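Peer 1: Protein chains in written order, with the numbering used here: chain V, 1 to 388; chain F, 389 to 776; chain B, 777 to 1164; chain H, 1165 to 1552.
Dumping the structure here so I can ask a few things about it.
Protein chains: 4
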Amino acid sequence: MGAHIAIKQRLLAQQIETPSWAYGNSGTRFKVFAQPGVPRTVEEKIDDAAQVHAHTGIAPSVALHIPWDKVEDYGKLAKYAESAGIRLGTINANVFQDDDYKLGSVTNPDPRVRRKALDHLLECVDIMDATGSRDLKLWFSDGTNYPGQDDIRERQDRLAEALDAVYARLGANQRMLLEYKLFEPAFYTTDVPDWGTAYAHCLRLGEKAKVCVDTGHHAPGTNIEFIVAFLLREGKLGAFDFNSRFYADDDLMVGAADPFQLFRIMYEVVRGGGYEREAGIAFMLDQCHNIEAKIPGQIRSVCNVQEATAKALLVDREALAEAQLSGDVIAANDVFMDAYSTDVRPILAELREEMGIDPDPVAAYRRSGYQDRINAERVGGNQAGWGA
Amino acid sequence: MGAHIAIKQRLLAQQIETPSWAYGNSGTRFKVFAQPGVPRTVEEKIDDAAQVHAHTGIAPSVALHIPWDKVEDYGKLAKYAESAGIRLGTINANVFQDDDYKLGSVTNPDPRVRRKALDHLLECVDIMDATGSRDLKLWFSDGTNYPGQDDIRERQDRLAEALDAVYARLGANQRMLLEYKLFEPAFYTTDVPDWGTAYAHCLRLGEKAKVCVDTGHHAPGTNIEFIVAFLLREGKLGAFDFNSRFYADDDLMVGAADPFQLFRIMYEVVRGGGYEREAGIAFMLDQCHNIEAKIPGQIRSVCNVQEATAKALLVDREALAEAQLSGDVIAANDVFMDAYSTDVRPILAELREEMGIDPDPVAAYRRSGYQDRINAERVGGNQAGWGA
Amino acid sequence: MGAHIAIKQRLLAQQIETPSWAYGNSGTRFKVFAQPGVPRTVEEKIDDAAQVHAHTGIAPSVALHIPWDKVEDYGKLAKYAESAGIRLGTINANVFQDDDYKLGSVTNPDPRVRRKALDHLLECVDIMDATGSRDLKLWFSDGTNYPGQDDIRERQDRLAEALDAVYARLGANQRMLLEYKLFEPAFYTTDVPDWGTAYAHCLRLGEKAKVCVDTGHHAPGTNIEFIVAFLLREGKLGAFDFNSRFYADDDLMVGAADPFQLFRIMYEVVRGGGYEREAGIAFMLDQCHNIEAKIPGQIRSVCNVQEATAKALLVDREALAEAQLSGDVIAANDVFMDAYSTDVRPILAELREEMGIDPDPVAAYRRSGYQDRINAERVGGNQAGWGA
Amino acid sequence: MGAHIAIKQRLLAQQIETPSWAYGNSGTRFKVFAQPGVPRTVEEKIDDAAQVHAHTGIAPSVALHIPWDKVEDYGKLAKYAESAGIRLGTINANVFQDDDYKLGSVTNPDPRVRRKALDHLLECVDIMDATGSRDLKLWFSDGTNYPGQDDIRERQDRLAEALDAVYARLGANQRMLLEYKLFEPAFYTTDVPDWGTAYAHCLRLGEKAKVCVDTGHHAPGTNIEFIVAFLLREGKLGAFDFNSRFYADDDLMVGAADPFQLFRIMYEVVRGGGYEREAGIAFMLDQCHNIEAKIPGQIRSVCNVQEATAKALLVDREALAEAQLSGDVIAANDVFMDAYSTDVRPILAELREEMGIDPDPVAAYRRSGYQDRINAERVGGNQAGWGA
């Protein structure tokens, strides 16, 4: 019982950022299915993100994607967010959608295109200055589709050059989060394909450069919690982009495909000190609600991370350490599984009631009438999407 | 030397169909990069396909995709193709792009949507009657993204019902090709995910239903040539959709990612009797030239299949059988690799010269001025694409 | 509450068979780590299996592996098992360990070796007559390591011939379970690599031939519950070999790597009617306890299947169907996840108490003193293992 | 023609080391098939390795595995090798076969076991002093099978401690090669699972620590040549363990499963300066000839690396760079594929004749009578194997 109180206390400190693009339309190369009520403006995205926070209590910020969320006045946007009850978070750069980027952005063989991409990245830091964002998230779709198409090593040189320039531009309290991804949209080589590549670049760059782990960006069979533990040990874990997948980068609701994996990841976060606020780890969602309702999808995802965290906090670490040191494989696994097998939903319901929110966030959202209202109001205009 | 003459003789019989959609724009969910000179009409796609045939001599037909290639008068379209030097081939149904298909087409829980999808499939058979096409290719993107989203088994019942109705509509000389695919765009379940599922349905349907093997639609580690050999043994291999991939369904130029695999597949085709015209196997390309030039991409792909076929025909099957029966693993592998290691390009150059075409099809196309002409002429209008 | 009573009622009917070889030593190609107390004889294996049944109440039979469990008098062995409180179950053939099988058993290019392998299979049916076993489980390690090594199709012909002969020998109440496996120990081709191959052979053979699904034998990304649902629909699912894996055929305790997957599989079993006794599905474990204690490993595994089954039975199928038919993706997933998130251990504890066994089987086994006793008694002799 | 002469000149410099254990028996967990003529002693392994060198001319050294190749007097062994025409190469440590290592060697929770493992590693450096070997190859099978079994991070701490101690013991001209592997024999976590982990440890250790890339140790879909290019750029590529695989760590003859991949790897080696002698890259085979003849298997493998190297040297790098910089994807791929499609066997035959050896090494070995002689002579005694 005392354990439950301590766990609730620690869960109060959790903050999960939702991405503005999760509220817009998304899909696969085969089809983007539009949904009713989808935002047409950044402000409407912020309104939706604020709903997620209102019903979960632990999603107080929203990540922006430039240029999808480009506005004239970011200070005004920050105030808008504040009035909605949340704040602006991480700035995500986009160097994959201009026609110029067909063969790459910062690694493009053409110096003109590289310069253009770099200018966009630097512009993103300008925006961070205006929004007060701490983190710049860099995902490069750069790579090649065919053997011989470009020089693997020169592309690394070009990448390093761009990262250096961006790093030099960062302010004292700003950070760069470098994301890696196995494949897609490039199919043969990807210029930052794995954590090792991101780590090596961040190490060279310095303290303000950290690795971002997207849970859907690994080869089959990869042990993601190992990477989390390793990066924490090296002081180089900067952020999570949470989502789940069965095969490739499916971008499903986090925890939907393998809730046990999410628990194992959160356990390593807790065990490695990454759950402490001072560790500075950014916990973000990065998902596509292609066929399911978007706001409930975000709420469910935030709750899934919270459930996994609660279970991770429940692990009896003393008993675990004892079983581990004694070499009793089954006993150690039992201690670990005991936490996972526990139904933590009653604890979370209690926690929410203490926070003054409904114990069942998805149900509360459905009852709130918000979805009906936006379905009715958001007619006409251009629905937000990836603009691909 | 005599062997080379025999091989050239057999290569003369080869026919590879190119897909109309390979000439239009395509991309990933992140971006479709438009290319100059891309067709705006079906007729322009046919013109491009005719170029591929003109330079390779073995691509005499083009597959259509409905509704992308929908026209008023298919008889007129067939005549247009004929005058361009090729003919209309397989009809590809499309039940994945209407907003109604968000949760499936023929397996949708909603009977109204199922009926709509079935009507489209039946319409495709009408079109086959008009074009004189032999084959209807069915690929269903149907599936689910989340556990519990729909009932796996009921979806099979619905699928079976639709297939029955289409099969019943087929004419005496018409066939149904059922394609399977591991994942994408559905991420959790796919209703026809593997050859076993397609095979079981085709077996129930009867002689006119055959399995289509798309070389990019398998789980990692799957031995595709085994499937080819097995389906040929069962009399259920109907067609190939050729392309290549490194990780998922990359739809790269066939032979680009693993030329040795393509050789092994073509060897099983030859060995299992699938290369004979009477086997009725349709050899088709199904690719996306996202970043490379489209017509040269198709020409290169046709040549890659031809090279793999030439090597497959080169295998000294007597020596191979002898080594196999003697249990000499290295000797058997040596016989097999000897064919693969051979540079067959001189044989193919000879063959082309005997056919009256340039020995280097890609170079000849580049020299022809066709690309410059279409780049200049095809301005304005709507470039063909997937319309996703 | 009424639901819980009904679930307990249905759980009472569950029977899971443990494999005799799980009690012996096992390992990887790198090392077999011997454990204390490992059985030296078939009778000692039966004693250990009886322990698993004593503590779980739902493991009343033990599978035998021939020749590892070969004895002079199977009637006597059956009586021995009976006196220990369990019965003899499935007979597992072994055609992979004789030096003659280097290049295959029933698919070997050498007819002498094929005859020898077939004779062993027929001998196994003789043993079934003596033990009263219903099922013959056939796993063929046959395959090739190198392209060209042998003829893929001829190997299928040889396989079919052997299966025909064994099928013809089966008694009226006997069945053949054909197992498939992606790879290992053969690396290039495997002669029964996937469910489709096993299914096609079983279909040809007839009613007594069924497919055995080993949960560790699939390519990455394969949806196993789809296969389960499909085979149940076709009436061709015969058995499970349960275990779990992270990457290849790890043979870990079932449910250890992905408990959510095990739940999804058991849901499809229940939904497809496979849980009913008359469906005749054999639920078996097939695992290797390389580093963990073997008897507790089996007990834990039986409990894991039971937990997954309890959760599967908990799914509110009416609510699920309603959400599915309404196309509410999140609601349907919620119903499904609600059952999974439930901690069913209290229900199982109640059930066990009603069955007169300890609510915590692993703890009860540890307290029983059995392990200490066998560690002390089983000294000298040859510990059971795979004899590889 | 001049190009061919230059390529032959560069090929003369190539040296590939064969592993002593490739000449002994090996297999899978299911069965080790013994072969006639297999060595019983280290000296006989050296004799076999000398055969590979005699017939290929480019395999002048043999790697040792301790304790499999433990002898009293390494100076005498070195002289034996010299008299056989080869030299002793890399020392491979073995900390995976003692019963104590069930839960790990240098990462074991038990400090006594860690000490024992470390002592073995230090002993290996002693042996290097005696043999004059430059390189110590470290592969750790350490890891866990079950979530919770041990603490991922503490295992890294223990690993780092052991590596530090070994590194400190290295002589001025000695190096440590740290190998990584995704999985097997550990199934849940592996303590050095990927290049990033090996790289981070080597970076911390210093100049004498380098990463060893085993071509069979990656997750599906991993781009190995990218890793090669990246490690070369960082100055951290130390060695290759060549073999090939279709699915897991199959340890087949290198180039057998994907010859195009081997070419791409060798291209990055050449392009990144790794082919120059002063780069210090060790090119080694690490394979298991489970079913094929061992000495011909090694010869074939050496030739496969040589063929891939010849093709890599054939790439017209000027034309490639031009096509790459112009952004012509198909032209760049064409230049690359032109080298791969070339049949380099005639060049290699010429090279061998110039070196005074038979143009067809496998055939020459078969004709030599060596195999018949060892089959006859090597009777009795204990055949070498892994001793698992």
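Ideal Cβ positions, reconstructed from N, Cα and C, are used throughout, including at glycine.
Remember, predicted model here, so these are calculated numbers, not experimental data.
To the nearest angstrom, report how far apart R557/F and A256/V are at their CA atoms.
Peer 2: Each residue's Cα considered, the two are about 41 Å apart.
Peer 1: In chain order, what residues of the same chain have a beta carbon less than 8 Å from the beta carbon of A349/V, not counting five sequence neighbours either side?
Peer 2: P359, D360
Peer 1: List the endpoints of the continuous beta strand (DSSP E) containing I66/V.
Peer 2: 61-66
Peer 1: Per DSSP, what kind of secondary structure is V42/V in: helix, strand or coil?
Peer 2: helix
Peer 1: In chain V, which residues lie with their C-beta within 7 Å of the C-beta of D1034/B?
Peer 2: D258, F260
Peer 1: Write down every uninterrupted run of the alpha helix (DSSP H) in the stretch 526-583 of chain F whose length is 4 residues or greater and which is fully enclosed by it, in chain order.
Peer 2: Inside the stretch 526-583 of chain F, DSSP marks whole alpha helix (DSSP H) runs of 4 or more residues at positions 540-557, from first to last along the chain.
Peer 1: Which one of D1212/H, L1342/H, Y1504/H has the shortest CA to CA distance from I1538/H?
Peer 2: D1212/H
Peer 1: Run through chain B and tell me which residues come within less than 9 Å of S341/V, C-beta to C-beta.
Peer 2: Neighbourhood of S341/V in chain B, by CB distance below 9 Å: P1035, E1083, D1119, V1120, R1121, in chain order.
Peer 1: Kindly list, in the order they appear in chain H, the residues whose Cβ is closer than 7 Å to that of W195/V.
Peer 2: Within chain H, the C-beta atoms nearer than 7 Å to that of W195/V come from G1360, in chain order.
Peer 1: Report yes if the C-beta distance between Q62/V and I46/V is below 8 Å; otherwise report no.
Peer 2: Here residue 62/V is Val; the residue named in the question, Gln, does not match the sequence. It is a contact, given that the beta carbons lie within the stated cut-off.
Peer 1: Is Q404/V close to chain H? Criterion is C-beta to C-beta, closer than 8 Å.
Peer 2: As displayed, chain V neither begins before 1 nor continues past 388, which places residue 404/V out of reach and without an answer.
Peer 1: Quick one: Cα of E511/F to Cα of R522/F, how far?
Peer 2: 15 Å
Peer 1: Rounded to the nearest angstrom, how far is the Cβ of T991/B from that of N1019/B, given a contact under 8 Å?
Peer 2: About 6 Å separates the beta carbon of T991/B from that of N1019/B, a gap short enough to meet the 8 Å contact definition.
Peer 1: Let me know if R652/F comes out buried or exposed under the rule of 16 or more other beta-carbons within 10 Å of its beta-carbon.
Peer 2: buried
Peer 1: Are any of the Cβ atoms in chain H nearer than 8 Å to that of R112/V?
Peer 2: no
Peer 1: Going by C-alpha distance, which of V942/B, A1095/B, G1049/B is nearest R1172/B?
Peer 2: Nothing about residue 1172/B can be read from this structure; chain B reaches only from 777 to 1164.
Peer 1: Could you give the C-beta distance for V426/F and Q686/F, rounded to a whole number, given that I count them as a contact under 8 Å?
Peer 2: In fact, because the Cβ distance is near 13 Å, the residues do not count as touching under 8 Å.
Peer 1: What are the residues that DSSP puts in a beta bridge with P795/B?
Peer 2: BP columns for P795/B point to A839/B.
Peer 1: For F263/V, name the three-state secondary structure that DSSP assigns.
Peer 2: helix
Peer 1: Please identify, using Cβ separations under 7 Å, the residues of the stretch 790-819 of chain B that lie next to chain V, in order along the chain.
Peer 2: none
Peer 1: Taking the alpha-carbon of H841/B as reference, which of V882/B, V818/B, I862/B has the nearest alpha-carbon?
Peer 2: V818/B
Peer 1: Which residue or residues does DSSP assign as beta-bridge partners of F630/F?
Peer 2: L673/F
Peer 1: Which word fits I781/B, buried or exposed, when buried means at least 16 other C-beta atoms lie within 10 angstroms of its C-beta?
Peer 2: exposed
Peer 1: Please tell me whether I842/B has its Cβ less than 8 Å away from any Cβ of chain H.
Peer 2: no
Peer 1: Rounded to whole angstroms, what is the Cα-Cα separation between T1308/H and D100/V?
Peer 2: The straight-line gap from Cα to Cα measures roughly 47 Å.
Peer 1: Cutting at 8 Å between CB atoms, please list the residues of its own chain near D316/V, excluding the five before and the five after it.
Peer 2: V335, D338, A339
Peer 1: If we cut at 8 Å on Cβ distances, does R622/F have a partner in chain H?
Peer 2: Per the sequence shown, residue 622/F should be read as Glu rather than Arg. So, not an interface residue.
Peer 1: Could you tell me whether the Cβ of N692/F comes closer than 8 Å to any Cβ of chain D?
Peer 2: As a matter of chain content, chain D is missing from the structure shown, whose protein chains are V, F, B and H.
Peer 1: Could you pull out every residue in the same chain whose Cβ sits closer than 6 Å to the Cβ of R931/B, ignoring the five residues on either side in sequence?
Peer 2: For R931/B, where only same-chain residues beyond five positions count, the Cβ hits under 6 Å are T883, D967.
Peer 1: Please name the residue in L1515/H, I1521/H, V1526/H whose C-alpha comes closest to that of R1174/H.
Peer 2: L1515/H
Peer 1: If you reduce the DSSP assignment to three classes, tell me which class I378/V lands in.
Peer 2: Note on residue identity: the sequence assigns Arg, not Ile, to residue 378/V. Reduced to three states, the DSSP call for R378/V is coil.
Peer 1: Got a sec: is the Cβ-Cβ distance from E656/F to anything in chain B below 8 Å?
Peer 2: yes
Peer 1: List the residues of chain V that G1385/H touches, going by C-beta distances under 8 Å, in chain order.
Peer 2: L182, F183, A219, P220
Peer 1: Using beta-carbon positions only, say whether I7/V and A59/V come within less than 8 Å of one another.
Peer 2: no
Peer 1: How long is the line joining the alpha carbons of S729/F and S1505/H, rounded to whole angstroms?
Peer 2: 8 Å
Peer 1: Which residues does DSSP list as the beta-bridge partners of L88/V?
Peer 2: V62/V
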